[in-house]
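Have a look at the structure below, then the notes.
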Amino acid sequence: MKNTNQNTVLITGGSAGIGFEIAKLLSEKGNHVIITGRDKERLKKAAAQLKVVTPINCDVSKEKDVYLLVKRLRDEFPALNMVINNAGVALVYNLVDEEANAFSKAKDEMLTNYFSVIRLNELLLPQLKKQKEAAIVNTSSVVAFVPGISLPTYAASKAALHSYTQSLRLSLEDTNIKVFELMPPLVNTELSKDIGGANGIHPSQVAQELFDAFEKDKYEIHVGNTANMYELFRSSPSEAFKRMNPKKEQVQVTN
3 MKNTNQNTVL ITGGSAGIGF EIAKLLSEKG NHVIITGRDK ERLKKAAAQL
53 KVVTPINCDV SKEKDVYLLV KRLRDEFPAL NMVINNAGVA LVYNLVDEEA
103 NAFSKAKDEM LTNYFSVIRL NELLLPQLKK QKEAAIVNTS SVVAFVPGIS
153 LPTYAASKAA LHSYTQSLRL SLEDTNIKVF ELMPPLVNTE LSKDIGGANG
203 IHPSQVAQEL FDAFEKDKYE IHVGNTANMY ELFRSSPSEA FKRMNPKKEQ
253 VQVTN
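Counting from 1, position 248 in the sequence shown corresponds to residue 250 in the numbering used here; the numbering is continuous, with no gaps.
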């Protein structure tokens, strides 16, 4: 991105965690930030802490909410030129538990983490194409490369998002829209508390590395330990899988 200020930015899931820290940093850098979230009170509290922000209550997994959001963006924010798809859900469970209810959990995660991203991007592409310069950011994860079995279908949804993001980037390579993929490792957020998130990096580090990537046009952003895991994955997928799942080293994964 040539300009990292004076942009109009939509951040889904911007009321907490990574989304909030991205919103904070971008608003401090002179951008107008629009944040969405499902929880009205949390959204209100987040907005009170940010500069030049517009909060919009919206659940990106609900079709009606998304269409209302898109209409408002077109009517009130015609200069929108950056979309950061950050809203997500992660469910911790074991696939072989008798009461895992894996189908229901996977359906929820795929809708929020994958299908909702495709829908929102598709609806906003006409508006983004009108801008001199525009960007789409899809937030995936290190588990897009190497799955963690405590988050089996979350990892699958992020792997799908990674594949889609590559296709979207190539499809838009001759346009004004640049496509970034933000790939954090374990981050200390409410979303990750059930998988030891307290041991993860602070979400502000994720925000800063995204901002740095904007300045360098670095499209695939391996935040923190994601870079190390990616290199291990390239050299030895089986070792990367063991590293991600240290208590399941007996599982055989072929290169």
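Don't be surprised by glycine CBs; every beta carbon is placed ideally from N, CA and C.
In this text the structure is predicted, and so the values were computed from the model without any measurement.
Check: Just reading off the beta strand (DSSP E) that residue 261 is part of, what are its end residues?; Outcome: Here the chain has residues from 3 to 257 only, and residue 261 is not among them.
Check: Residue 208 lies in the alpha helix (DSSP H); which residues open and close that run?; Outcome: 205-218
Check: Apply the 10 Å Cβ neighbour rule to residue 208 and answer buried if 16 or more other Cβ atoms are within range, or exposed otherwise.; Outcome: buried
Check: Apart from the five residues just before and just after residue 61, which ones in its own chain have a Cβ nearer than 8 Å to its Cβ?; Outcome: 40 and 67
Check: Is residue 17 near residue 55, with beta carbons less than 8 Å apart?; Outcome: no
Check: Can you list, in chain order, the stretches of the alpha helix (DSSP H) that have 4 or more residues and sit fully within the segment 151-201?; Outcome: 154-173
Check: Any idea which residues DSSP pairs residue 87 with across the strands?; Outcome: 140
Check: Which value, in whole angstroms, describes the spacing of the CA atoms of residue 227 and residue 239?; Outcome: 16 Å
Check: With DSSP collapsed to three states, give me the class of residue 257.; Outcome: Confidence in residue 257 is poor, its pLDDT being 30 and thus under 50, which makes the residue's placement unreliable; the coordinate value appears in the next sentence. In this structure, residue 257 counts as coil in the three-state DSSP scheme.
Check: For residue 33, which of 47, 52, 46 and 42 has the nearest alpha-carbon?; Outcome: 52
Check: If you scan the segment 26-107 from start to end, which runs of the beta strand (DSSP E) of 3 or more residues do you find wholly inside it?; Outcome: 34-39, 55-59 and 84-87
Check: What three-state label does DSSP hand residue 119 in the structure shown?; Outcome: helix
Check: Round the Cβ separation of residue 86 and residue 131 to the nearest angstrom and send it over; I've been treating them as touching at under 8 Å.; Outcome: That belief does not hold up - the Cβ atoms of residue 86 and residue 131 are roughly 18 Å apart, past 8 Å.
Check: Determine contact between the segment 163-180 and the segment 189-196, defined as no fewer than three beta-carbon pairs at a distance below 8 Å.; Outcome: no
Check: Buried or exposed for residue 137, going by 16 or more other Cβ atoms inside 10 Å?; Outcome: buried
Check: Which two residues bound the contiguous beta strand (DSSP E) that contains residue 10?; Outcome: 10-13
Check: Under a three-way DSSP split, which group does residue 222 fall into?; Outcome: strand
Check: Can you tell me the Cα-Cα spacing of residue 117 and residue 211, whole angstroms?; Outcome: 26 Å
Check: By the DSSP assignment, the alpha helix (DSSP H) with residue 230 in it spans what residues?; Outcome: 228-237
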